[in-house]
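Read through the structure below, which is laid out as structure tokens, and then see the notes.
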Amino acid sequence: MDTAETFINIQENHPTIRFAAKELSRYLNLAGIKTKILLERSKAQKNKNQISLCIDRPSETDHILIKPDKNGYIISGSNPRSVLFASYRFLYEMGFRWIRPGKRGEIIPSIKRIKKDISIDEIPSYKYRTLCIEGAVSCQHVIDIIDWAAKNYMNGYFIQFHLGTSFFKRWYQHSDNPYMKPEKLGKEDVEKIVARIIKEIEKRGIRFERMGHGWTCRALGIEGEGWDTENEGLKKISQEKQKYLAMLNGKREFFRNVPLNTNLCYSNPEVRSAITDAIVDYAEKHPEVDALHFWLADGSNNNCECENCIKTRVSDFYVMMLNELDKKLTLRNIPTKIIFLIYVDLLWPPEREKIENQDRFIIMFAPITRSYSHSFSDTKPEEGIKPYVKNKLVFPKNAADNMLYLQRWQENFKGDGVDFDYHIIWACYYDLNHFTLAKVLHKDIGYLKKMNLHGFISCQVQRASFPTNLLMDILSRTLWNRKISFNAVVEETFDNAFGKKYSRDVAEFLRKMSDLWKPFFEPVFIPKTDEKRINLGLDNIKKMQDICKSFRPLVKKQVACEKNAVGWSWKYLDYYLELLDLLIPAYSAYLRRSSDCREKFERAFDFVKKNEKILHPALDVSTFTGVLRWRINEAEGIV
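The working numbering applies: residue 1326 is where the sequence shown begins, and numbers increase by one.
What follows is the structure in structure tokens.
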């Protein structure tokens, strides 16, 4: 295509396709290509510099196509969001990059003309590619990651609870950072934030998922927007509703004073009805939600022990409610999909009940107690499925043992399924270099097909680009193409972020650091002290300090000369080296169980808190410090 004005022709007048046209126009204009958007097909056909956007081969399953034609290009997809994905792919082929969420991640090339002979025809490896809100977030943090998600072919976003109030409070109230000024945040403020986020989701045609935990609270007539402690919570519910609470140790009360962690007396038909009615009412009022998560209370070993509940597995009661829910939704002609959770006590499948209308449901496997040292594909079962003893359950740590429970559920459930997993919420802070974890994530996603699962929901912090965006790139690239090699993603990530001249130096630095970090990636003192790993870790401390010292001059040099998105990559790496100067001695104190362990970690925490105004688009300081405090507590025997 020549240098004349390029016409972007919208052949299907859908909001998401109009947005795709605007994005194409905006980015091409920034790169130096003049564009004009046309809605009238006939006018566009007279012009040889034409990019036509349309639906082709309609399907809910994503499919992107880009092909040259006599007038320029046809960019199409199987649904509106796929047209948007294809538009971003076209820009990618033109040299645009989005190396992390937000403006700091945009790479805009200088272009004189539209590239010729771009031809793409791709269907993703997995149907469900979803991000789930977690950590501490602002409105802009969430909008930035939704924007990045669409540019990287992620097709779903999940807001836990109705509003996700807890996650927004963690950011706006800044209760754990004295250097950040708290901001007022009432319910109305959160409602406005979420309304804006939903508009961004809808604009991109991304699947929208909602709720999760909290239905047990709604059945009691209270909100379940987080894990807040309620010391006088029983006063908020009627005497009649107090009978709904699970009985533990002969008492019906909130489990450890946390309503969200309190299960109910599921043998009581009134309780089951109250829960399913709440879900049906919500689904009817919120048609914008594509899939509702129906989970029971959070926590574990907290189920009702009354004479009627004690005889039956909680999963049997759960399936009873799933079937009741489907019937009620069907009566009201509500098509909303329901995602049900296989998690802690619910890992053990029902003994008697079976899901009837399996098309309604998506099974969600959430192996929260697993180890992230090894992938699903690298492990073999060690303990098998343990006996089901209500409220005395011991949960599997080995990844393969976790899979055994999923397989038992899959004996009777043949519908769609996803892995709801936690690589990028806690484990990512136990090795900030990320290479060890990235390899596990890459293998896990590649293995989902063999687990008879159809996708992945990443329960994660929304800011995971410090020191690099490697984990996020592995996540999105491998969900799109499960056969892509780990090294191919690494090469692309580091070439884009740091420039080809020094990308391998950066990757090799982080790879070496990650290897040296392995001895203390998992706790070294629980369940018992591991002297071998402690000694190996202590040997590695000096090696890590030497590597950092020799690498620092390159980073300082590049910080001084690089700008824009690549410049920010080097700046983050520079801050990371400063953090390591504090964090490596803290880990040495942890391994030795030194009396100054807490003090040394707090110095590292103080550094990131003081710099949060700069680092916050890439690092969730609140979650980072919270997770590493578990290491301090472990060293001090507070577990």
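We put the beta carbon where it would ideally sit given N, CA and C, even for glycine.
Note that the coordinates shown come from a computational prediction; the quantities given were computed from them, not determined experimentally.
Exposure label - residue i; buried when at least 16 CB within 10 Å
i	result
Glu-1534	buried
Tyr-1900	buried
Arg-1438	exposed
Val-1515	buried
Asn-1737	exposed
Leu-1656	exposed
Asp-1623	buried
Ile-1851	exposed
Ala-1763	buried
Ile-1963	exposed
Ser-1367	Interpretation of Ser-1367 is limited by its pLDDT of 47, a score under 50 that renders its predicted location unreliable; the figure taken from the coordinates is listed afterwards. Result: exposed.
Leu-1953	buried
Leu-1364	exposed
Glu-1707	exposed
Given residue i as reference, the closest of the options once Cα atoms are compared
i	options	result
Pro-1584	Lys-1561, Asp-1602, Glu-1565, Asn-1574	Lys-1561
Tyr-1897	Leu-1940, Leu-1905, Asp-1931, Phe-1486	Leu-1940
Ile-1547	Gly-1771, Gly-1740, His-1487	His-1487
Pro-1594	His-1611, Tyr-1643, Asp-1606, Ile-1439	Tyr-1643
Gly-1402	Ile-1445, Leu-1654, Asp-1820, Lys-1652	Ile-1445
Arg-1406	Gly-1530, Ser-1412, Asp-1830	Gly-1530
Glu-1418	Lys-1428, Tyr-1398, Asn-1404	Tyr-1398
Ser-1450	Asp-1871, Leu-1804, Thr-1661	Leu-1804
Ser-1625	Ser-1592, Leu-1573, Asn-1777, Asp-1864	Leu-1573
Gly-1824	Glu-1856, Lys-1882, Val-1891, Ile-1866	Val-1891
Cys-1873	Asn-1480, Ala-1599, Arg-1495, Ser-1839	Ser-1839
Phe-1932	Gly-1537, Gly-1357, Asp-1906	Asp-1906
Thr-1490	Pro-1507, Trp-1842, Trp-1552	Trp-1552
Arg-1928	Ile-1600, Lys-1938, Glu-1903, Ile-1866	Glu-1903
Glu-1513	Leu-1654, Val-1743, Lys-1494, Arg-1638	Lys-1494
Trp-1540	Val-1605, Ser-1783, Asp-1798	Val-1605
Asn-1582	Glu-1337, Gly-1549, Ala-1356	Gly-1549
Val-1714	Ile-1680, Pro-1674, Asn-1682	Pro-1674
Cys-1631	Tyr-1591, Ala-1616, Met-1869, Leu-1650	Tyr-1591
Thr-1601	Asn-1502, His-1618, Val-1614, Glu-1508	His-1618
Asn-1374	Phe-1410, Arg-1343, Asn-1334, Leu-1409	Asn-1334
Lys-1934	Asp-1945, Glu-1924, Cys-1922	Asp-1945
Asp-1726	Asn-1716, Phe-1483, Tyr-1747, Thr-1694	Thr-1694
Lys-1506	Glu-1959, Asp-1820, Lys-1938, Ala-1356	Lys-1938
Leu-1766	Gln-1732, Val-1786, Ser-1698, Arg-1788	Ser-1698
Beta bridge counterpart(s) of residue i as assigned by DSSP
i	result
Ile-1687	Ile-1664
Gly-1546	DSSP, once it has assigned bridges, lists no residue as partnering Gly-1546.
His-1618	Met-1536, Ile-1664
Arg-1454	Phe-1781
Thr-1360	Thr-1331
Lys-1576	Leu-1573
Lys-1392	Ile-1399
Asp-1446	Leu-1390
Ala-1960	According to DSSP, which records beta bridges pairwise, Ala-1960 is partnered with nothing at all.
Glu-1557	Answer by DSSP bridge pairing: none, since Glu-1557 is not bridged.
Ala-1608	Beta-bridge pairing links Ala-1608 to no other residue.
Ile-1432	Arg-1422
Three-state secondary structure assigned by DSSP to residue i
i	result
Leu-1778	coil
Tyr-1398	strand
Glu-1459	coil
Pro-1910	helix
Phe-1701	helix
Glu-1678	coil
Met-1419	coil
Gly-1624	coil
Leu-1647	helix
Gly-1824	coil
Val-1952	helix
Asp-1965	With the chain covering 1326 to 1964 only, the question about residue 1965 has no answer from this structure.
Cys-1590	coil
Gly-1742	strand
Ala-1345	helix
Ala-1943	coil
Pro-2016	This structure cannot speak to residue 2016, because the chain is shown only from 1326 to 1964.
Glu-1337	coil
Gln-1465	helix
Cys-1379	strand
Arg-1630	Before going further, note that residue 1630 is Glu rather than Arg in the sequence given. Reduced to three states, the DSSP call for Glu-1630 is coil.
Chain D within 9 Å of residue i, Cβ atoms only
i	result
Lys-1739	No chain D is present in this structure, which holds just one protein chain.
Inset, instruction - May I have a chain-ordered list of the alpha helix (DSSP H) segments no shorter than 4 residues that lie completely inside the stretch 1469-1541? - result: Taken in chain order, the whole alpha helix (DSSP H) runs of length 4 or more contained in the stretch 1469-1541 are 1490-1497, 1512-1528.
Legend entry - Runs of beta strand (DSSP E) lying entirely within the stretch 1749-1821, each at least 3 residues, in chain order: Given a length threshold of 3 residues, each whole run of the beta strand (DSSP E) inside the stretch 1749-1821 is given here in chain order: 1780-1784.
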